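Note sheet for the following structure.
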Amino acid sequence: MRFGWLTALALALAAPAIAMAAETVATAAPACTYSVTAKGKPANLSLDIEAECRPDIAELDFAPEDRAAVDRVRTLDGRPAEPTSYGWRTGAGGLRYTVDLSRRVRAGGESRDLVLTDDTLMAPLDTWLGMPEPTAANAALLLKLRLPPGLLALHALAPADGADDGRTFRLTAGGLAFAGYTVFSTRPGATITVPGRHGRPAVITIHAAASDFAPGEAALVRWVRYFADLAAAYWQGFATDRLLVAIVPTGDANKVVFGRSRGGGGATLQLDVGRGVDLDTLYRRDWILTHELMHLAQPDLGRDGRWLMEGMATYVEPLLRHFAGLYAADAVWKEWWQGMPRGAHGLASGGLRRSNPYWSGALALLATNVAVAERTQGRRSLADAVRAGLTRAGNATQTAETGALVRLYDRAMGGSELADFVHRHELPTFFNLAGLWQQLGIGEQKGKLIYSNSEASARLRQWILSPPPGFRPPALPPEVAASLGLRPDTIPK
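Residues in the sequence shown are numbered consecutively from 34, following our numbering.
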């Protein structure tokens, strides 16, 4: 999250129930209907916004850094709006205001959420839509978007019920609190479909904000498609109905530099990619795309659940690449051997809620998966938990309470191992990492991992690195397989 007050709001919205559907709108009238008229191109883009709100909506709020770009704020009857601590009071049923979005992005400072290139501007939805207050998390919001000729607006918002004009979309106040990105561009994106859930395909829009990536834009689209198909195979259907992937050029290096997911109102991913990236980096060395995709399969859990959100993505990411034959078993174990001590240190010094969420969370899930595999003789795994969580708790467009999701995961695995781990390590507590490695039969000698010949340890390692039942990875694109020296229909060992 970019600022404190929205973080607090998102946490307050997380209900005791297992999940709250941020995309499911209430049956009552919308809290606000935003009519947005875009003017100019990305380099000088402004948005004229008219928000018509219910009488119980007292004000529209903005983060302080966004508020500075909001101009000409008036009530619907033309009077200057009264400012409040975070925004302006609505009057006569709403507000009219203008957002100089290009100015806001240029003033973005160190924020990676705001991007401006020659032909593209990217910003989260909450940069320019004021948050209605007071309102319930499931209160409906409608967005009507009008664009000048030649300008596109790419996003993952759901069409409003009964709207087929391509300009009217819906979300909730809860979704706006952790809103996804919108890409305004004169450059078109590519639209693909991958196997979805509930018998319908998932639609993914991929936009590259430059044309000079070394492998070409088409290769970047194939890269996203391959790993989206891989994630769909693991989940038994892609996690979200819609996804926007915004690829941002970042220097000339041969690497994927950064990634971030935002799910409110619709799932979106930002990927900062060096212009010199090649196929070997995209398919064999990059972990960021897979990590960010894994976030789509969990609801937003707020600050207290970061260990589970980041831990899940950190733990499953190398496994999924291994299941596809793109990451060797020894590489997975080496990554965990090097990273899990950070998790153990975090558990000892801060506990799950106050330590590095990536490796402390990943360690919680490795220890849980080992315990489940041993109890069930490899018949259950964390994949069962993830799939059940998607079905019952929802995806990244929704919110949930961490404890409820932990209990759901445990039920799917047929035990209580994850809840037991949380109970032991929620507060600072020593974790016996050496004992876990001994159980797995893994050690180190002269800088290389060594593996015990114990039948029990070997069997346990095999269970941990085995794909779930029914998993079949997609075939590599032929040109990628040729470049990597692989057969597209063969999973290398």
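Glycine included, each C-beta is placed from N, C-alpha and C at the ideal position.
Remember, predicted model here, so these are calculated numbers, not experimental data.
Three-way DSSP call (helix, strand, coil) for residue i in this model
i, result
"residue 177", "strand"
"residue 182", "coil"
"residue 310", "coil"
"residue 157", "strand"
"residue 476", "strand"
"residue 463", "coil"
"residue 231", "coil"
"residue 74", "coil"
"residue 292", "strand"
"residue 360", "coil"
"residue 204", "strand"
"residue 303", "strand"
"residue 409", "helix"
"residue 334", "coil"
"residue 388", "coil"
"residue 433", "strand"
"residue 517", "helix"
"residue 217", "strand"
"residue 187", "strand"
"residue 54", "Here the model assigns residue 54 a pLDDT of 44, short of 50, so the residue's position is not dependable and the matter cannot be decided."
"residue 441", "helix"
Bridge-paired residues (DSSP) for residue i
i, result
"residue 67", "84 and 176"
"residue 92", "122 and 166"
"residue 107", "113 and 129"
"residue 79", "72 and 133"
"residue 280", "241 and 304"
"residue 149", "154"
"residue 297", "212"
"residue 192", "202"
"residue 236", "226 and 275"
Residue burial classification, residue i (beta-carbon count within 10 angstroms, cutoff 16)
i, result
"residue 406", "buried"
"residue 66", "buried"
"residue 77", "exposed"
"residue 431", "buried"
"residue 219", "exposed"
"residue 60", "Here the model assigns residue 60 a pLDDT of 47, short of 50, so the residue's position is not dependable, and the following value carries that caveat. Classification of residue 60: exposed, given that the 10 Å Cβ count is below 16."
"residue 248", "buried"
"residue 410", "exposed"
"residue 137", "buried"
"residue 488", "exposed"
"residue 462", "exposed"
"residue 96", "buried"
"residue 238", "buried"
Option in the options with minimal Cα separation from residue i
i, options, result
"residue 203", "382, 229, 176 and 504", "176"
"residue 318", "194, 208, 256 and 437", "256"
"residue 263", "509, 339, 232 and 517", "509"
"residue 260", "173, 207, 193 and 357", "357"
"residue 282", "151, 344 and 102", "151"
"residue 362", "146, 491, 167 and 193", "491"
"residue 359", "291, 314 and 249", "314"
"residue 556", "374, 391, 195 and 450", "Look at the range of the chain in this structure, 34 to 526, and you will see that residue 556 is not part of it."
"residue 494", "402, 502 and 374", "402"
Cutoff 8 Å: residue i Cβ touching any chain C Cβ
i, result
"residue 346", "In the structure shown, chain C does not exist; there is a single protein chain."
* Asked: Do the segment 297 to 313 and the segment 271 to 287 touch if we need at least three Cβ pairs shorter than 8 Å?
  -> yes
* **Stretch-stretch touch, CB-based, cutoff 8 Å, three pairs: the segment 338 to 345 with the segment 379 to 393** => yes
* At least 3 beta-carbon pairs within less than 8 Å: the segment 174 to 193 vs the segment 114 to 122 -> no
* Would you call the segment 209 to 229 and the segment 148 to 163 touching, i.e. three or more CB-CB distances under 8 Å? -> yes
* Quick one: any contact between the segment 222 to 241 and the segment 270 to 279, if contact means 3 or more CB pairs under 8 Å? -> yes
* Asked: Are there three or more Cβ pairs, one per stretch, closer than 8 Å when the segment 439 to 451 is compared with the segment 410 to 429?
  -> yes
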